[in-house]
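What follows is a single structure, written as C-alpha cells, with notes after it.
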Amino acid sequence: MRDDPYFYVKDLSVEFQLGKNYYTAVHQISFDLKKGETFGLAGESGCGKSTAAMAIMRMLQDNARIREGTVWFQGRDILSLNQAELRELWWKEMAMIFQASLNSLNPVKKVGQQILEVLTVREGMNNKLAWERVEELFTLIGIQPERARDYPHEFSGGMRQRVMIAMAICLNPSLIIADECTTALDVMIQAQIMNLMKDLNKKFNLSMIFINHDLSLISDVCDRVAMMYAGRIVESGPVSDVFLNPAHPYVQMLIKALPSMEQGTAQLLPIPGVPPRLKEISAGCSFLPRCPYGDKGCSLEVPPSVEIAPGHSAACFKIDRLSI
Amino acid sequence: MKSKNYFVKRIGYSLLTLWMILTLNFFLFRMLPGDPIRLLFSDPRVPIETLDKLKAQYGLDGSLLQQYGLYLANVAKGELGTSFVYNTPVSEILAERLVNTVILLLPATILSILMGCSLGIIAALKNGRTADFICLSLSQLLWATPVFWLGLLFMLFAGNLLPLAGMETAGASFDSWWARAMDIGRHMAMPMITLSLVMLGQYAIIMRNSLIDVLTEDYMLVAKAKGFSRTRQLFSHALPNAALPVMTLAAMNLGLLIGGAIQTETVFTWPGVGRLVFDALISRDYPVLQGAFLVISVCALIANLMADLLYKQIDPRLEL
Amino acid sequence: MKKSLFHVNDLNVWFSARKGFTLFQRNRPQKFIKAVDGLSFDLFEGETLAIVGESGSGKTTAARAFMALMREARGEISFEDRNILAGSRAGRIDLRTKIQMIFQDPFDAMNPRETIFKIVSEPLSIHRKNLSVNDRREIVFQALRDVGLTPPEDFEKRFPHELSGGQRQRVLIAGTLVLEPVLIIADEPVSMLDASLKVEILNLLADLRKKRSLTYLMVTHDLALTRYIADRIAIMYLGKILEIGPALSVLDRPLHPYSQALIKVVPTLENAGKKKTVLTGEIPHPSDIPKGCRFHPRCPQSTDLCRVQEPETKEIVPNRFVHCHNVQPRVEHTNN
Amino acid sequence: MIIEGAFSTIKQINKMGMVGMVMLLALIGIAVFAPFLAPYDPYDLTDLGEIMQGPDARHWLGTDEIGRDLFSLIIYGARISLLIGFSCAFISIFIGTIVGLLSGYFGGWLDDVLMRITDLFIVIPRLPLVLITVAVLGPSLFNTILVIGVLIWAGTARIIRVQTMSLKKRQFVDRARSLGASHFHIVRRHILPNVMPLVFANTVLVVATSIYLESTISFLGLGDPTHISWGMILHYAFVSLAMTFEAYWYLVPPGVMIILAVLSFTMCGYAFDEVLNPRLRRRQ
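Chains as they are written, first to last, in numbering that gives the first Met the number 0: chain W, 0 to 323; chain B, 0 to 319; chain E, 0 to 335; chain P, 0 to 283.
As C-alpha cells, then:
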C-alpha cells in the first residue's frame, strides 16, 4: 500500500526469562512512523514501553529476548541484523537518549571528549575537525563551547541531558529514541529541553520515538501516540484525537484522573485496582478487572484493534457502546 | 586551587598519623610489667657497656615523659639505638636490609597487580559462567593460602629448580654487575613468586567486583549504543572507572604486602627487613624490633599518602 | 481573619560552605549556602497551603526546618504562639505530637526490618509509652481503617517489601494520624507515585482533612496538583517566597514574572503543541544569590532598580503578596 | 527478630556459600569431637612412635620430629585455631562495630578523632604490629587472642561507619527524628537492626583473617607452646628442617587445614555479601 515505508513495527513481542520460564512483557505491538514525525509511546510504569524501545534498539538485557515480529527501518528488518551490521546501524542511523537522572555520561572523561570519541571512531574525523564539530554541537544545544572541557559532575541535570542530546545527534542519525528523557527534571528545564527537541525535529527533519508516562508532555511534543497497558497497545492515533476524545476505557479514565491546569477543582476519579504484574497476564483483555464496561465477552480473547476514525484505533470489544 | 587544599589536608592527616606511629612505637616497648628495657638488667647475656649505653640512650632514670622527649629527639636525629645482637647502630642495619626488601617487594607487587587484575577482568567479563567461578575460587584459594606455607611447599616440591636461600650464591665472584644481578634474580624468583601468587588473589577479587559494578552502569549501555567494539567499550570506558577502587584498595593492602614479605623472607632467608624482624623476635633484640617497626610503618604511611594523592589526580570527581 | 496556626517570620537556614580543617582557612571570607533566606508566611487553621518551587528553591530544607530538624535554622517559627526554634528540647515534645510529617519516598521512609504495626505505632512508643497493648492496637487499627487499609489484621504483620507504593504511602499517612495531630507537613507526598495513584492519595488526604480537621502544609514541584488540592499557593525561589495568595487567583492571574513564566510553561492537554516562552538559564546556586532581586538575571521585566535593591513583599490585592518592584499595590495588573 | 531476618536471607546464598557452610560445620565438628576422633593424645608424651616416620597403618599421617602422631595433632590443632579465630573475631567485631556506630552516627569531631585512629591501624602493617606486641607481652594463648582482637578492628569499623552514615540519611531515620525520638531509640530500632546483617557477614570474614594471622604468628615462633595450633605444627616442622627430610606428611596437611578453614569462612562471608548487596549478582 505504501511505496517504501520509512519505519514500522509489526507484531513485536518480547519476553523475559525469570528462573526457568518466560513471561511476555510486550504483546504483538504494531505502529508506524513517517520521516520527520514524532511518535509517542505512553503508559504508566511497568506497561512495557521501555522494554519495547530497548527491543527496537536491539539493546535488550541478556535475560530478555524478542519472540516474534518485524521492525522495518529504512528498507530492512533490523531484527535480522547480526552484531556487525547492528554496530554499523547504531548511532549512525538510530540513536538513543536515556533518562535524565541516570549517569549516561562517563564520569571520568571530559564531556567534549566523549562526543569527540564517537566522531573520530565512527566517522574517522581527525581531531581538529571533530573538535570544531563538538563546539558547533554545544552552541546548537545552548551550552558555551568551552564547557566541553568540564567533567559530567560539573553539570546540572538539565545540562547533562543537553549534552546527551548533542551526543545523540552528532552522527546525524535519522531516528532518535528518547526514553523518559525529561523525568526528574524541573518543569522549566523540561520545557527548555522540549523546545530544543522540537527545534531539532524541524531543523534536521529528525524522526523521534518519545517514551514517557506524562501524558501532557506527550501531547506537547508528539504528532501521534500509542497508549500501552500491560504490554499491549490499547489505543493509538493522532494526539488530539486520542487525548480529547479517547475511545478505550483505560485511556478515558487515565485522562480523567489527570489533574490539569485548566479545569476547576472537580473531584478526580482514580482508576480502581492495580495494573497486572508480569506473571499475571490473563487470556482476555488485561484491563477487564478494572474496566467498568467489561463483561464475560472480554475475558475470552484479546480484543483486536478496531479503527474508529482515520488513523485512530482502539483495542476494545465495547467501542460502540462508549460515548464518543 | 582546590586540589591544593586537598593536598594540604592529606599531608596534615599523614603527619598526625606519623606522630601516632611514633607514640605507639615508644609505648609499645614500655608497656605492662614485662617492660623489656628493665628486664635486661637481670639478663646476664647482655654486656655491661651496652647497659651503660642503654641508660644514657634511653635516660632510664628520667620520667616517662623525659624518656619520650629523648626518644623523639633521637628519632629525629636518625639515632635508633644499637642492636643487642650485632652491637651496631640499628639505622645502619635497617638501611641495608630495606634495600633488599624493596628489591623483592617491587617486582612482586607489580607482578601480582598485573596477574590479579587480568584474572579479575576475565572473571568479570565471563560473569556468571564457569570461567568466572573458576577465577573466583582460584583467587579465593590463593588469598587464603599462608605465604610461608606456600614457600615451604615450593621448597618441598620444587627444591632443585631455583635457589632456595639467601640473596646471592655465597662466595661467588662475578665478572660483570649484570652477572651478579642475574644471580640475585635467580635467588629472588622463588620468594617473589610465592608472595605475588598470594597477593594476586586479593587484586583479582577487587578488580572483579569493581568491574562488574561498572559494567552495569548506564554509560556502558550508552557506549554499546554508540556502536563501539567490545574492546573499546572495555578499555576506553569500563577499565578507567573500574581501576579507581582497585587503586584505593591496593594502597590499603600495602600493609598486608609487608606482612607477606616477612613470611617469604623468613622461609627463603632473604636478607630483608622481614628476616631481620624474625631474627630479632627470636633473640628478643628490642632496639632492632623498635627501629624495624618504625621504618616499616613510616614506609607504609608514605606509600599510602602517595597512592592517595595519585588517586586525586586520576579521579576528577574528588574536590575537597 | 482566621487564627494563624503556624507563623514563620524571616526564617534563615544557612550552611557554611567551608569543609575540612577550619584552622587552615581562618583568613578566607565566610561563604554561606543560603538554602532558606528570609522566608515569611502565615498558615491558617483548616487550610491547605502548597509551597511550590523548582529543585534548588530550598522548599525541602524549609519543610525540615518547620519540624525543627535543621540545627542551622535561625529566625522565628511559632506554632500556637510559641517559637519552636527558641524552645527547649522538652518544650518541643508537644510540637512533635501536634505536627506530623509525611515523607517523599514511601520505599525509603519505612524501616525494612519492621512490621507495618511497629511502623504505624512508632509515634505511640515515643509519646504514649504508658498505653496498654490493646489500646495501642485499637488506635493503630483505627488509623489503618481511616487510610483505607482494611481489614487492618491483614496488614499488621506484613513487611514493607510486601506492599505496593500506594499502600506504603497509606501506611505512612496512618502513622501520622495515631497522635491526633493538628498540622501535617507533607514533603512531595505523591511525586513518587503513578498518575492514577497520585489522585487516590490526594483524595485520601482531602477526606482526612475533613474527618480529622487537619491543616496541611504541602511542599511540591507539581503546579497542576496544587490547583486540585491547595487553598493557597506560595511560589518559592532561591529560599524566598516571591508570590503567595489564593490558589485559583494565583494560577489564573499570576502577578510575579516568575510565577507567570512557571505557570505558562506547565504542559497540559489544552496548551499542547504551542511553543512555550521559556526563562533562559537555570536557578543560580544558593551559595551565590544575585544582588538586588534574586530573580533579576532571568526576569523578562528586570530594571536597574531590580539589579541593585531587593524589593520588599507588598500586599497587592487582599491577602495576595508579591515580592517585586514592578508590581504595584492596588493596581489590578492583568497582563496576559 | 533480627536473627530470624538474617536467616531468611541465608536460604538464598548461592552454591559457593553452601560449600563454605558444609566445610565450616565439618571443621567445627572436628574441633568439638577432637578427643574421640584422634587415635592418640598429643599432649601425652609417653607413648611415642618412631621419629619422622611416613604415613603407615598406625600413624595415618606419620609422626613429627619427637614421634607424636600428626593425625591427632592436626585434629587437636583445629580446636585451638578455631577457638582463636572466633574469639579474636568477636573482640574485633565488638570494638569495630562500636567505633563504626559512634563515628558514623554522631559524626563531627568524634568522627574525625575515631577515624584518625582507625586510619592508624589501617596504615600500619598488621603482622609486624601483632608480632611485636605478642613478643613484648610474652607468647600465650590469651595474649595472642587479646592482641589480634584488639588490633584488627579497623576494617570492620570502616565498613560499619559507612553503613551507619548511609542509614542515617534514610528517610525513616528522619521520620523518627521528626517524631522526637531519642538517639538511643533511633540506634536501637533503626540503625542496629539494619547494620546487624553486615556485622554478621563481616564477622565471618574476620574469623578467616584471625585464623590466617594466628597461623602466621605461631609459625614465626610466637605461638603458645602449651597449645597446639596448625601454625605451631608448621613452626616445629620448619625449625626441625622437615623440608630436608622430604617430610611432606609433616608440612602439607596443616597448611591444607589452614586454607580449608580460611576458605570456608571466606566463602560463607562472601555469600552473605552477595546476598546483602545484589550488585554482585548477575544482571537480572
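All residues carry an ideal CB built from backbone N, CA and C; glycine is no exception.
Please report the straight-line C-alpha distance between B/Thr265 and P/Val122, rounded to a whole angstrom. To locate residue 265 of chain B, count along the second sequence from 1; it is residue 266. To locate residue 122 of chain P, count along the fourth sequence from 1; it is residue 123. One C-alpha to the other measures close to 23 Å.
Would you say the beta carbon of W/Val120 comes nearer than 6 Å to a heavy atom of the ligand COA? With respect to small molecules bound, the structure shown includes none, and the ligand COA cannot be examined in it.
Chain E residues whose Cβ lies nearer than 7 Å to that of W/Gln191: Along the first sequence, one-based indexing puts residue 191 of chain W at 192. Listed by position along chain E, the residues whose Cβ is nearer than 7 Å to that of W/Gln191 are Val277.
Quick one, which residues of the region 226 to 257 of chain B are near chain W if we go by CB-CB under 8 Å, in chain order? Of all residues in the region 226 to 257 of chain B, Gly226, Phe227, Ser228, Arg231, Ser235, His236, Pro239, Asn240 and Leu243 have a Cβ within less than 8 Å of some Cβ in chain W.
Using a Cβ cut-off of 7 Å, pull out every chain B residue sitting near P/Gly220, in sequence order please. Taking the fourth sequence and counting its residues from 1, one reaches residue 220 of chain P at position 221. The CB of P/Gly220 comes closer than 7 Å to the CB of Leu280 and Ile281 in chain B, given here in chain order.
Does the Cβ of W/Met196 have 16 or more other Cβ atoms within 10 Å, making it buried, or fewer, making it exposed? In the first sequence, the residue the question calls residue 196 of chain W occupies position 197. Under this definition W/Met196 is a buried residue.
Cβ-Cβ distance between W/Met158 and W/Met95 below 7 Å: For this step, residue 158 of chain W is matched to residue 159 along the first sequence. For this step, residue 95 of chain W is matched to residue 96 along the first sequence. Against a cut-off of 7 Å, the Cβ pair of W/Met95 and W/Met158 comes out as no contact.
Bridge partner(s) assigned by DSSP for B/Leu27: In the second sequence, the residue the question calls residue 27 of chain B occupies position 28. Paired residue(s): none; B/Leu27 is not in a bridge.
Residues of the region 106 to 136 of chain W whose Cβ lies closer than 9 Å to any Cβ of chain B, in chain order: Those residues of the region 106 to 136 of chain W that come within reach of chain B (Cβ to Cβ, closer than 9 Å) are Pro106, Val107, Lys108, Lys109, Gln113, Glu116, Val117, Val120 and Arg121.
Quick one: which chain P residues come within Cβ less than 8 Å of B/Tyr12? Counting from 1 along the second sequence, the entry for residue 12 of chain B is found at position 13. Going along chain P in sequence order, the residues near B/Tyr12 (Cβ under 8 Å) are Arg115 and Asp118.
From what residue to what residue does the beta strand (DSSP E) around E/Pro33 run? Looking up residue 33 of chain E in the third sequence gives position 34. In the sequence under discussion, the amino acid at residue 33 of chain E is Lys, which differs from the Pro named in the question. E/Lys33: member of the beta strand (DSSP E) spanning Phe31 to Phe43, first to last residue.
What is the DSSP secondary structure of P/Val137, reduced to helix, strand or coil? Taking the first residue of the fourth sequence as 1, we reach residue 137 of chain P at position 138. First, the residue type needs correcting, since residue 137 of chain P is Gly and not Val in the sequence shown. Of the three classes helix, strand and coil, the one that applies to P/Gly137 here is coil, per DSSP.
Measuring straight from C-alpha to C-alpha, what distance separates W/Leu299 and W/Met226? Locating residue 299 of chain W in the first sequence gives position 300, where the first residue counts as 1. Locating residue 226 of chain W in the first sequence gives position 227, where the first residue counts as 1. Here the alpha carbons of W/Met226 and W/Leu299 stand approximately 22 Å from one another.
With the cut-off set at 7 Å, would you say P/Arg169 and E/Phe102 are in Cβ contact? In the fourth sequence, residue 169 of chain P corresponds to position 170, counting from 1. In the third sequence, residue 102 of chain E corresponds to position 103, counting from 1. Going by C-beta atoms, P/Arg169 is not nearer than 7 Å to E/Phe102.
Since P/Phe199 and P/Phe271 should fall inside the 8 Å C-beta cutoff, what is the C-beta to C-beta distance between them, to a whole number of angstroms? For the purposes of this step, residue 199 of chain P is taken as the residue at position 200 of the fourth sequence. For the purposes of this step, residue 271 of chain P is taken as the residue at position 272 of the fourth sequence. At roughly 7 Å, the Cβ-Cβ gap stays under 8 Å, so P/Phe199 and P/Phe271 are in contact.
What does a CB cutoff of less than 7 Å around P/Tyr249 pick up in its chain, not counting 5 residues either side in sequence? For the purposes of this step, residue 249 of chain P is taken as residue 250 along the fourth sequence, with counting starting at 1. Cβ contact annotation for P/Tyr249 (same chain, cutoff 7 Å, sequence separation greater than five): Gly61, Asp63, Leu69, Ala236 and Ala241, in chain order.
How about the region 212 to 230 of chain E and the region 242 to 254 of chain E: do they share at least three Cβ pairs that are nearer than 8 Å? Verdict: yes, contact present.
Within 7 Å of any Cβ in chain E, is that where the Cβ of W/Met187 sits? If you number the first sequence from 1, residue 187 of chain W lands on position 188. Yes, because at least one Cβ of chain E sits closer than 7 Å to the Cβ of W/Met187.
Name the one or two DSSP bridge partners that W/Ser206 has. On the first sequence, residue 206 of chain W is found 207 positions in, with the first residue counted as 1. Beta-bridge pairing by DSSP links W/Ser206 to W/Leu174.
Taking Cβ positions only, does P/Leu150 come closer than 7 Å to chain E? If you number the fourth sequence from 1, residue 150 of chain P lands on position 151. So, not an interface residue.
Would you please verify whether the beta carbon of W/Arg86 is less than 7 Å from any beta carbon of chain B? In the first sequence, counting from the first residue as 1, residue 86 of chain W sits at position 87. Yes, W/Arg86 counts as interfacial toward chain B.
Starting from W/Val224, trace the beta strand (DSSP E) both ways and give me its first and last residue. Residue 224 of chain W sits at position 225 when you count from the first residue of the first sequence. That run of the beta strand (DSSP E) goes Arg223 to Tyr228.
If you compare alpha carbons, which of B/Tyr67, B/Val84 and B/Ile112 is closest to B/Val245? For the purposes of this step, residue 245 of chain B is taken as the residue at position 246 of the second sequence. Closest by alpha carbon: B/Ile112.
Please check the pair E/Leu178 and E/Thr96, which I expect to be a contact at CB under 8 Å, by giving their CB distance rounded to whole angstroms. If you number the third sequence from 1, residue 178 of chain E lands on position 179. If you number the third sequence from 1, residue 96 of chain E lands on position 97. The pair is a contact, with the Cβ atoms about 5 Å apart (cut-off 8 Å).
Counting only Cβ pairs nearer than 8 Å, list the residues of chain E close to W/His212. The residue you call residue 212 of chain W lines up with position 213 of the first sequence. Annotation: Cβ neighbours of W/His212 in chain E (cutoff 8 Å, chain order): Asp193 and Ala194.
With a cut-off of 7 Å, does the C-beta of P/Ile121 fall near any C-beta of chain B? In the fourth sequence, counting from the first residue as 1, residue 121 of chain P sits at position 122. Judged by the 7 Å Cβ criterion, P/Ile121 is in contact with chain B.
Counting only Cβ pairs nearer than 9 Å, list the residues of chain P close to B/Phe28. Looking up residue 28 of chain B in the second sequence gives position 29. Per Cβ cutoff of 9 Å: Ile131 and Val135.
Classify P/Leu109 as buried or exposed, calling it buried when 16 or more other Cβ atoms lie within 10 Å of its own Cβ. As a working note, residue 109 of chain P is residue 110 in the fourth sequence. That one is exposed.
Hey, does P/Val186 have any beta-carbon neighbour from chain B nearer than 7 Å? If you number the fourth sequence from 1, residue 186 of chain P lands on position 187. Not a single C-beta of chain B is nearer than 7 Å to the C-beta of P/Val186.
Can you check whether the C-beta of W/His152 is within less than 7 Å of a C-beta belonging to chain B? Taking the first sequence and counting its residues from 1, one reaches residue 152 of chain W at position 153. Yes, because at least one Cβ of chain B sits closer than 7 Å to the Cβ of W/His152.
In chain order, which continuous runs of the alpha helix (DSSP H) of length 4 or greater are located wholly inside the region 57 to 104 of chain B? Listed in chain order, they are 63 to 75.
For the beta strand (DSSP E) containing W/His311, name the first residue and the last one. On the first sequence, position 312 is the one that residue 311 of chain W refers to. DSSP places W/His311 inside the beta strand (DSSP E), whose first and last residues are His311 to Ala313.
Using a Cβ cut-off of 8 Å, pull out every chain P residue sitting near E/Ala64, in sequence order please. The sequence position of residue 64 of chain E within the third sequence is 65, counting from 1. Under the 8 Å cutoff, chain P gives no residues; its nearest Cβ is about 11 Å from E/Ala64.
Near E/Arg211, what residues of its chain come up, given a Cβ to Cβ distance below 7 Å and the 5 sequence neighbours on each side ignored? Within the third sequence, residue 211 of chain E is the residue found at index 212, counting from 1. Excluding its 5 nearest sequence neighbours in each direction, E/Arg211 has C-beta neighbours in its own chain below 7 Å: Leu176, listed in chain order.
Cβ neighbour criterion (16 or more within 10 Å) applied to P/Phe35: Here residue 35 of chain P refers to the residue found at position 36 of the fourth sequence. Label assigned to P/Phe35: exposed.
In three-state DSSP terms, what is W/Ile77? One-based indexing of the first sequence puts residue 77 of chain W at position 78. Residue state, collapsed to three classes: helix.
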